[in-house]
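Read the structure below first, then the notes.
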């Protein structure tokens, strides 16, 4: 098993990519501490995994509160004696054009989606440095590599996550600690499900823009996180891995001469 005996913290573990990652980590032998602001969802995932024999704890936590991040990391170390893997996977942001964003909304977007990632990393580095090993995987996005209409705050915070992963990776490379980002494209998680219900035409437009012609599955991103967290990625640090069905590879130009994705 690729994470046998490892201790992992997963934030945003109550649904979507976080929950799928928790399942993958437990399957591969990790002891997992889940954190999420949605207490019912997080407790349900933890209960499911415990029923399957996993060693899993759930903590209700708000990433906007530094004390809550301290509590989560501290719990993992106090309970299991170390911390091998940190998967930062939570986010909150204000949508809208750049000129229409509120000051408080923009600040909160960065606080929850970027500053809290840095603070969790800062805290996790203490036990990782003591052990001389560790892997940090941050959920970024293809939206951190390019711009989207109406998602300026999200674009900025995810770009920050990409570069935070780079600098952490290079600064701690000689201490046995790796840090990388995964950059998903549109994934069939609860926000996308809500979009389907609210604006089915927009949902279809996004799906059709993906060269593979479908939304990704949370399990497909979890497999990338698992690879980056494991020793199989021992020589991988300070980078980002794109998993988006080919979306970022496309220039955005419409098909020329009718030569589109379907033939």
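Residue numbers (the numbering used here): 121 to 383.
For each residue, glycine too, the CB sits at the ideal point set by N, CA and C.
Candidates the options: which alpha carbon is nearest residue i's?
i           : options               : result
residue 265 : 166, 256, 148 and 360 : 360
residue 391 : 175, 163, 216 and 167 : Nothing about residue 391 can be read from this structure; the chain reaches only from 121 to 383.
residue 242 : 276, 141, 299 and 214 : 299
residue 355 : 189, 292 and 157      : 292
residue 286 : 357, 179, 252 and 261 : 357
residue 329 : 187, 236 and 375      : 375
residue 146 : 198, 126 and 223      : 126
residue 202 : 252, 273 and 345      : 252
residue 240 : 228, 227, 187 and 383 : 187
residue 382 : 333, 343 and 344      : 333
residue 164 : 144, 139 and 149      : 139
residue 262 : 294, 214, 367 and 311 : 367
residue 369 : 304, 309, 310 and 324 : 304
residue 237 : 217, 206 and 121      : 206
residue 294 : 254, 324, 168 and 378 : 254
Could you give the first and the last residue of the continuous beta strand (DSSP E) run that contains residue i?
i           : result
residue 333 : Per DSSP, residue 333 belongs to no beta strand (DSSP E) and is neither H nor E.
residue 304 : 297-304
residue 130 : 127-131
residue 245 : Per DSSP, residue 245 belongs to no beta strand (DSSP E); it is in the alpha helix (DSSP H), 236-251.
residue 256 : 254-259
In whole angstroms, give me the CA-to-CA distance for residue i and residue j.
i           : j           : result
residue 65  : residue 132 : Any property of residue 65 remains undetermined from this structure, which presents the chain solely from 121 to 383.
residue 269 : residue 247 : 40 Å
residue 173 : residue 284 : 35 Å
residue 185 : residue 365 : 35 Å
residue 128 : residue 338 : 18 Å
residue 135 : residue 350 : 22 Å
residue 204 : residue 221 : 38 Å
residue 340 : residue 347 : 11 Å
residue 178 : residue 230 : 25 Å
residue 166 : residue 331 : 35 Å
residue 226 : residue 234 : 11 Å
residue 197 : residue 249 : 13 Å
residue 160 : residue 373 : 44 Å
residue 219 : residue 148 : 46 Å
Looking at residue j and residue i, is the spacing between their C-beta atoms short of 8 Å?
i           : j           : result
residue 363 : residue 336 : yes
residue 181 : residue 232 : no
residue 307 : residue 245 : no
residue 276 : residue 301 : no
residue 288 : residue 208 : no
residue 210 : residue 151 : no
residue 212 : residue 228 : yes
residue 141 : residue 130 : yes
residue 195 : residue 257 : no
residue 215 : residue 271 : yes
residue 137 : residue 273 : no
Is any heavy atom in the ligand NAP found nearer than 7 Å to the beta carbon of residue i?
i           : result
residue 242 : The ligand NAP is absent from the structure shown, which contains no ligand whatsoever.
From what residue to what residue does the alpha helix (DSSP H) around residue i run?
i           : result
residue 360 : Looking at the DSSP string, residue 360 is not in any alpha helix (DSSP H); the run it does join, the beta strand (DSSP E), is 360-363.
residue 206 : Where residue 206 is concerned, there is no enclosing alpha helix (DSSP H), although the beta strand (DSSP E) it sits in stretches over 205-208.
residue 223 : 223-230
residue 312 : 310-318
residue 284 : 272-291
residue 155 : That residue, residue 155, is in no alpha helix (DSSP H); its beta strand (DSSP E) goes 151-156.
residue 383 : That residue, residue 383, is in no alpha helix (DSSP H); it is neither H nor E in DSSP.
residue 136 : 136-147
Query raised in the report: For the segment 166-223, which segments carrying the alpha helix (DSSP H) assignment without a break, of at least 4 residues, lie completely within its bounds, in sequence order?
Result: 186-200, all fully within the segment 166-223.
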